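Chemist: Residue numbers (this note's numbering): 22 to 362.
Every residue, glycine too, gets a C-beta built ideally from N, C-alpha and C.
None of the values given here were measured: they were computed from a predicted structure.
Here it is in structure tokens:
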């Protein structure tokens with residue numbers, strides 16, 4: 022935004038301010054699944070100048086022709102100039118593991134995210150939008166996106182605990198002039214995504230050893246990539262947000278785990294589970310699989326983190342619809358097909 026050259030370094034521009042012609046929105050992790058969809062959505066939104074932050078510009082979507090700030094969030098020198106002339110940060114950079122790897126998650130995800138937030142608070146950035154999960158407060162607080170997640174309960178999954186720690190850090194620092202927006206998003210699915218729960222399920226279902234958990238009756242919120250991009254654009258540009266704000270972001274409907282797994286089984290010719298176990302059995306079974314991992318040649322059949330993802334979230338889009346105008350369009354079946362194609 023050219024006019025910013027003449028403003029003081031720490032002047033904050035409020036999203037939704039119609040007196041400004043454009044806002045500069047930085048997308049971290051811009052060549053990842055969520056980041057690429059956020060970038061794609063921002064490119065088609067009037068009044069926004071998207072800027073991609075990534076480690077490798079060659080992996081950005083080819084349609085993007087805007088500014089690229091290439092570097093590593095682990096590099097303090099990179100952070101020194103990353104936020105120059107930025108109004109809004111969409112933090113979609115992540116490192117993940119479905120179980121264990123506590124030290125790696127701390128070094129590669131938690132610490133860089135906290136360092137970025139600290140830099141944001143010292144800059145003129147007016148809004149920070151964070152990519153979170155509906156499961157971070159499951160099962161007891163996930164229906165209310167403003168609820169505080171219980172870090173102790175999810176200590177069984179170091180990466181998700183770090184997500185909760187970042188969320189709580191945002192909440193703690195939301196009174197320093199930068200609006201903190203936390204998007205708790207359902208299970209990712211869609212184009213350009215090769216990770217997540219769905220690819221984990223396929224090979225495991227083929228073993229005939231994976232059970233239903235609680236009969237598959239819990240909801241499995243799935244959010245398509247295009248809807249993730251849409252939600253971030255709305256969160257980055259919506260007027261009237263201040264302090265700490267959080268929203269659940271899911272698809273048009275939330276299927277049950279049984280509906281999703283049955284669909285996958287029928288669509289991709291894999292067996293459905295043959296028996297069911299309650300959660301109080303599934304968790305210790307997953308823990309056992311993690312404990313024996315060092316002495317067996319295959320990956321754990323089930324982990325406690327996978328079981329946690331099957332917990333009921335009861336998440337809906339009500340608050341996001343009311344405050345952001347979020348209306349999802351991608352059906353969960355179409356999102357799965359797009360991912361698996």
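1) Alpha carbon to alpha carbon, what distance is there between residue 211 and residue 84?
2) Taking C-beta to C-beta, are residue 151 and residue 187 nearer than 8 Å?
3) According to DSSP, is residue 32 helix, strand or coil?
4) Less than 6 Å between C-beta atoms, sequence neighbours within five positions excluded: which residues of the same chain meet that for residue 294?
5) Report all residues from its chain with a CB closer than 6 Å to the CB of residue 275; omit the five preceding and five following residues, and keep chain order.
6) Ignoring anything shorter than 3 residues or poking outside the region 240 to 266, list the beta strand (DSSP E) runs there in chain order.
7) Is the Cβ-Cβ distance between residue 351 and residue 245 less than 8 Å?
8) Evaluate contact between the region 273 to 289 and the region 221 to 231, counting only Cβ atoms and requiring at least three cross-stretch pairs below 8 Å.
9) Just to confirm my understanding: we take residue 80, look at its own chain, exclude 5 residues before and 5 after, and list those with CB closer than 7 Å. What are they?
10) Do the region 300 to 311 and the region 261 to 273 meet, that is, are 3 or more Cβ pairs less than 8 Å apart?
11) At the level of alpha carbons, what is the spacing between residue 27 and residue 102?
12) Identify which residue in 314, 362 and 356 has its Cα closest to the Cα of residue 324.
13) Where does residue 346 fall in DSSP's three states?
14) Just tell me which of 200, 166, 118 and 99 has its CA closest to the CA of residue 340.
15) Enumerate in chain order the residues of its own chain whose CB-to-CB distance from residue 92 is below 6 Å, with the five nearest sequence positions on each side excluded.
16) Any heavy atom of the ligand SAH within a distance shorter than 7 Å of the CB on residue 46?
17) Who are the near neighbours of residue 113 in its chain, counting only those whose CB is closer than 8 Å to its CB and skipping five residues on each side?
18) Alpha carbons only, please: which of 110, 355, 162 and 108 is nearest the one belonging to residue 248?
19) Can you list, in chain order, the residues of its chain whose CB lies under 8 Å from that of residue 175, leaving out five sequence neighbours each side?
20) Decide if residue 343 is buried, meaning its Cβ has at least 16 other Cβ atoms within 10 Å, or exposed.
21) Relative to the alpha-carbon of residue 78, which residue among 238, 137 and 88 has its alpha-carbon at the smallest distance?
22) Out of 64, 62, 69 and 61, point me to the one whose CA is closest to residue 44's CA.
23) For residue 348, is the classification buried or exposed, using 16 other Cβ atoms within 10 angstroms of its Cβ as the cut-off for buried?
24) Rounded to whole angstroms, what is the Cα-Cα separation between residue 134 and residue 127?
25) Run through DSSP, which three-state label would residue 215 get?
26) Return the first residue and the last residue of the alpha helix (DSSP H) that residue 331 is part of.
27) DSSP three-state label for residue 361, please.
28) Is it the case that the Cβ atoms of residue 108 and residue 147 are separated by a distance below 8 Å?
Modeler: Let's see:
1) Here the C-alpha atom of residue 84 lies approximately 18 Å from the C-alpha atom of residue 211.
2) yes
3) Residue confidence is low: residue 32 scores 43 on pLDDT, short of 50, so the model does not pin down where it sits. No coordinate-derived value is stated.
4) 231, 232 and 233
5) 240 and 242
6) 243 to 245
7) yes
8) yes
9) 52
10) no
11) Any reading at residue 27 must be qualified, since the residue scores a pLDDT of 24, below 50, and its modelled position is unreliable; the value itself is stated next. Those two C-alpha atoms are separated by around 18 Å.
12) Of the candidates 314, 362 and 356, the one whose C-alpha sits nearest the C-alpha of residue 324 is 314.
13) coil
14) 166
15) 99
16) As presented, the structure is devoid of all ligands, the ligand SAH included, so that no description of it is given.
17) 48, 49, 50, 51, 53, 55, 56, 59, 152 and 253
18) 355
19) 157, 181, 182, 185 and 329
20) exposed
21) 88
22) 69
23) Answer is exposed; the Cβ neighbour count stays below 16.
24) 10 Å
25) coil
26) Unbroken run through residue 331: none, as it is neither H nor E.
27) helix
28) yes
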